[in-house]
Amino acid sequence: MPGIIYGGIEVEIELSDLLLDMCPIKQENLIHDDQKLILLASLSDSLEYLADSVERLGESFISPSTISENKSDIHQSHHTRTTSAIPKSLASLANEYRRLATDCVRVLRLEMQLETIYHMQEMTKREYVEDQDAEDPDDFIISLTTQIARRDEEMAPYIAESKRNYVFGGISSVAANASIKALALMKSINLLGVQQICRNSIALEQALAAIPSIDSEAVQQRLDRVRTFYELLNLPFESLLGFIAEQEYIFSAKEYLSILKVNVPGREIPMDAERRISQILSH
Numbered sequence: 586m587p588g589i590i591y592g593g594i595e596v597e598i599e600l601s602d603l604l605l606d607m608c609p610i611k612q613e614n615l616i617h618d619d620q621k622l623i624l625l626a627s628l629s630d631s632l633e634y635l636a637d638s639v640e641r642l643g644e645s646f647i648s649p650s651t652i653s654e655n656k657s658d659i660h661q662s663h664h665t666r667t668t669s670a671i672p673k674s675l676a677s678l679a680n681e682y683r684r685l686a687t688d689c690v691r692v693l694r695l696e697m698q699l700e701t702i703y704h705m706q707e708m709t710k711r712e713y714v715e716d717q718d719a720e721d722p723d724d725f726i727i728s729l730t731t732q733i734a735r736r737d738e739e740m741a742p743y744i745a746e747s748k749r750n751y752v753f754g755g756i757s758s759v760a761a762n763a764s765i766k767a768l769a770l771m772k773s774i775n776l777l778g779v780q781q782i783c784r785n786s787i788a789l790e791q792a793l794a795a796i797p798s799i800d801s802e803a804v805q806q807r808l809d810r811v812r813t814f815y816e817l818l819n820l821p822f823e824s825l826l827g828f829i830a831e832q833e834y835i836f837s838a839k840e841y842l843s844i845l846k847v848n849v850p851g852r853e854i855p856m857d858a859e860r861r862i863s864q865i866l867s868h
């Protein structure tokens, strides 16, 4: 999409970290109003239309100029210089309209990322020590996925699929990062709690995969990472060490150590666990 830079995974994580540092996100920090977001999408569409119209107008000056260039008359040569300057000013105007259209889409993307954090921060407010297996995702995930589906449908008439992919494409990386960081703020989690978090990530993945033109593979990779991370809590310590030895670069040292620090009922962690993990990671 012209005018919009798609960053790599490292850039995404850095931006996600910056946004997560803003927590807690309050509702008054968000646009939140669906109608205002639709207006932004509509404004972006209108600005793109204006940019296209101005470019077409500029192109209409090119043919007469080209013809006059072939004539030797001094007056016509002067006329050529005058008309050839007009497309430049129109091109500048078209570029400005297109830049504003892109800014609208960037705001929509940022709003969806902040909305995601607003919902995902609920993870740190509840306990994941469950006494029975739930059938549904957490309420905050249901609210987020419903919002994603609704806004995608409402924006569809105004912005192209590639732009909607951009607007909603930043959700999975922010949600994955928020989910993994949430473990460090938990005191306890059990097997059913792990299953509930995995259920949440699957529901979010399905909601995003339903958006046309979304990079479903990238979404799956990011949210698979969440499931892999939390499933490590179910491993005995020696098995965890084996995983880290083979896959040390999948997660950071800080993330691996957060797996040790949370209380998992029934899991035994040796006194030198932190040292042994640090030793593997330092190789």
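For the sequence shown, our numbering begins at 586 and goes up steadily by one.
No residue lacks a Cβ here, since even glycine has one placed at the ideal position from N, Cα and C.
If you ignore the 5 residues before and after residue 762, its C-beta comes within less than 8 Å of the C-beta of 598, 601, 602 and 605, all in its own chain and listed in chain order. Beta-bridge annotation (DSSP): residue 774 is paired with 713.
No residue range can be given for residue 848, since it is assigned to no alpha helix (DSSP H) and is classified by DSSP as neither H nor E. For residue 748 against residue 811, the beta-carbon gap comes to about 26 Å, at or over 8 Å, which does not count as contact.
The beta carbons of residue 779 and residue 819 sit closer together than 8 Å. DSSP places residue 634 in the uninterrupted alpha helix (DSSP H) bounded by 619 to 644. Taking residue 626 as reference, the option from 688, 675 and 641 with the minimal CA-CA separation is 688.
In the DSSP annotation of this structure, the continuous segment of the alpha helix (DSSP H) that includes residue 762 starts and ends at 756 to 767. Non-local beta-carbon contacts of residue 821 in its own chain, meaning distances under 8 Å to residues more than five positions away in sequence, involve 852 and 853 in chain order. Taking 8 Å as the upper bound for CB-CB distance, residue 771 and residue 692 are not in contact here, some 33 Å apart. Separation of the CB atoms of residue 768 and residue 703 is rounded to 19 Å, and the pair is thereby denied contact status at 8 Å. By the Cβ-count criterion, residue 644 is exposed, with fewer than 16 other Cβ atoms from all chains shown falling within 10 Å of its own Cβ. Straight through space, the alpha carbons of residue 798 and residue 609 are spaced by roughly 32 Å. In summary, residue 850 is exposed, with fewer than 16 beta-carbon neighbours lying within 10 Å of its beta-carbon over all protein chains present. Cβ-Cβ distances below 8 Å link residue 734 to 792 and 795 in the same chain, with the five nearest sequence neighbours on each side left out; the list follows chain order. Under the 10 Å beta carbon count, residue 827 is surrounded by fewer than 16 other beta carbons and is classified as exposed. With respect to the C-alpha of residue 766, the residue from 843, 744, 714 and 712 having the closest C-alpha is 843.
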